[in-house]
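For reference, the structure is listed below as structure tokens.
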Amino acid sequence: MLYWAMWIRLPYGISFFWVLASALLPGLAEARRPLWPWSYGSSFWCLNSCPCSLAGRSWATWGSEGRPAVGYKEHLREYSMNGKRILAIVLVVLVIAGSLFLYSRANKRAQTAVPQGVKTAPVVRGSIEARISASGSLAAERTQPLTFKISGTVAEVLVKEGDSVKQGQVLARLDTRDLELSLKQAQAALQVSEASLARVRKAPSKEEIAAARAAVEAARASLQDLQTGPSEAEVAAAKAAVEAAKANLNDLKAGPSARDIRLADLAIAQAKNSLWGLQANRDSVRAMPGASQGAKNQAEAQVLNAEIQVEIAQINREKLNDPPKASVLKAAESQLAQAESALDRLTSPPKSSTLKAAESQLAQAESTLARLLSMPSPEDVAQAEAQVAQARVGVEVAQSRLNDAVLIAPFAGQLADWNLHVGDNVTPATPAGTLVDVSRYHVDVNIDETEISKVTIGQKVLITLDAFPDRELEGRVSKVSLLGSSAQGIVNYSVRIDLNPTD
């Protein structure tokens, strides 16, 4: 009855373990025999008909009367020992089967149960951070020392230390008076050279050629006069000029003659008579009925002119009473000296130097005429063009020096180390200050060779400054050195991080 009850109550899967245990443990098949005499018949059926039977063996030791054959006690003892083993095995199998049954049932409940009070959230894509810590120095992206390009004296300073400036803003100026004068001189030289080039390129006019020929004829005549000597008429004219100059000087020294005084008095009387007659005519015209305004104006103008003539005659008469001025005497003496010198040149033979000068003047006039007749020549044009080019370079140099007298901010930024004052004498080596671009900064750090593989250009970086420990700045890797530097056996690679532009 025990084996039958086990078969009825246990699941079908338990029979598998029973069969497996019967196959592995010796004597299990024998244990299928009943241990109680009153259950022989039913146990026989069970053991031969039960699915858990391994061999389907029947009892071969039963007697004809349904009782056990000889050796029953020995068999019973053997069955008792085997029963203990079987009971232990059955208990183990029951524990395993119960565990499997409970696990299967709990799994089914878990699959069919509805979760209660579970919070849900949408799935989002994230990134895995690889953190590398390093320290470095913060520096501006651009800094530039400010200096004048030329030497000079500071005339004006428009900024001060710490000022923010824009690109192209004027910071200071030098004294430019000498530079402006040099520029004007260079521009004038350029104008002269350009005019010369224009003359060379332009064909000479008929008037220019005629003037050049006249200059040649005059130079030739002068040379011939020197070579042949003066004519008798020229000598006589020179002598007459000397005599006239002497007479004029003597008259000035002697004073006015009685004749000069009589003539002066006569001139005054004639002027007054003319004035009186014109005044009478004016009065008659005014009194004449129907006289036009034009006739009246004409008569009045004639009276005014006569009054002026009377005053002139009186002034000339008064001059005769005054002694001659020293300046008048010197002018008369100079005129006499010039007349005598001209007479000496005519009567004296020409000097060799005078002849050479006349010959040179003739040669120059002939050369000018020949050049005009052959213009323009390629050589003259090329030379004039070279002079123009040289003059233009001079203007550009002067303008450049004038521009260099102004100190201009090359980019927008903030002034640091500013040290420039009005009146300072500066040279290109004199520092005026430093311009710092405060809108862009970078940090240079060293990364160990074991971590440099994690760094790539474009990576986002968070930076904390000692001055602002609670504020994080963002930046990106802009440069990674390909060559490392070794110090004390440790290889580091330089990495530059550009901070995002700040306001």
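Numbering (this note's numbering), first residue to last: 110 to 612.
For glycine and all other residues, C-beta sits at the position ideal for the given N, C-alpha and C.
- Spanning the alpha carbons of leucine 384 and leucine 429 requires a straight line of approximately 23 Å.
- Distance from the CA atom of alanine 576 to the CA atom of leucine 247, rounded to whole angstroms, is 11 Å.
- For glutamate 505, the uninterrupted alpha helix (DSSP H) segment begins and ends at 487–513.
- For the pair arginine 234 and glycine 567, the Cα-to-Cα distance works out to about 21 Å.
- The alpha-carbon separation between valine 502 and glutamate 316 amounts to approximately 35 Å.
- Relative to alanine 376, the option among Ala440, Lys460, Asn425, Glu583 whose CA is nearest is Asn425.
- The Cβ neighbour count for isoleucine 421, taken over all protein chains shown within 10 Å, is under 16; the residue is labelled exposed.
- Taking 7 Å as the cut-off, the beta carbon of glycine 245 is found no closer than this to the beta carbon of aspartate 607.
- Within its own chain, the residues whose Cβ lies closer than 6 Å to the Cβ of leucine 255, once the five positions on either side in sequence are excluded, are Ala541, Gly542, Leu544, listed in chain order.
- Valine 547 has its alpha-carbon roughly 18 Å from the corresponding atom of serine 587.
- Runs of the alpha helix (DSSP H) lying entirely within the segment 388–425 and spanning at least 4 residues: none are present.
- By the Cβ neighbour-count rule, arginine 580 is exposed, with fewer than 16 other Cβ atoms within 10 Å of its own.
- Counting C-beta pairs closer than 8 Å gives three or more between the segment 443–454 and the segment 339–354, which meets the contact rule.
- Counting every other CB atom within 10 Å of its CB across the protein chains shown gives arginine 391 a total of 16 or more, marking it as buried.
- Here valine 301 is exposed. Its C-beta has fewer than 16 other C-beta atoms within 10 Å.
- Taking C-alpha positions only, proline 537 is separated from isoleucine 241 by approximately 46 Å.
- Per the C-alpha coordinates, the member of Ala493, Arg286, Ala380 positioned closest to valine 263 is Arg286.
- Around leucine 478, the same chain offers Ile318, Ala321, Arg322, Ala324, Val325 as residues with beta carbons nearer than 8 Å, after the five sequence neighbours per side are excluded.
- A check of alpha carbon separations from valine 279 across Ile556, Ala518, Leu574 identifies Ala518 as the nearest.
- For asparagine 609, the three-state secondary structure derived from DSSP is coil.
- Residue pairing from DSSP places threonine 262 in a beta bridge opposite Asn534.
- Looking at the DSSP output, glutamate 581 sits in a beta bridge with Thr573.
- For threonine 477, the enclosing alpha helix (DSSP H) covers residues 461–483.
- Here DSSP, grouped into helix, strand and coil, assigns threonine 565 to coil.
- Only exposed fits leucine 267, as fewer than 16 other CB atoms lie within 10 angstroms of its CB.
- By the Cβ-count criterion, isoleucine 205 is exposed, with fewer than 16 other Cβ atoms from all chains shown falling within 10 Å of its own Cβ.
- By the Cβ rule, the segment 550–564 does not count as touching the segment 290–308, because fewer than three pairs are nearer than 8 Å.
- In the three-state reduction of the DSSP assignment, alanine 248 falls in the strand class, which pools E and B.
- Between leucine 445 and alanine 356, the C-beta gap is not smaller than 7 Å, which leaves the two residues out of contact.
- For the 7 Å CB-CB criterion, valine 497 and alanine 295 do not form a contact.
- Shown here, lysine 428 sits in a helix according to DSSP, grouped into three states.
- The alpha-carbon separation between tyrosine 550 and glycine 598 amounts to approximately 31 Å.
- In this structure, glutamate 265 sits near arginine 282, with a CB-CB distance shorter than 7 Å.
- Taking every protein chain shown into account, the CB of alanine 328 has 16 or more other CB atoms within 10 angstroms, so this residue is buried.
- Beta-bridge annotation (DSSP): leucine 529 is not paired with any residue.
- Taking C-alpha positions only, arginine 371 is separated from alanine 378 by approximately 11 Å.
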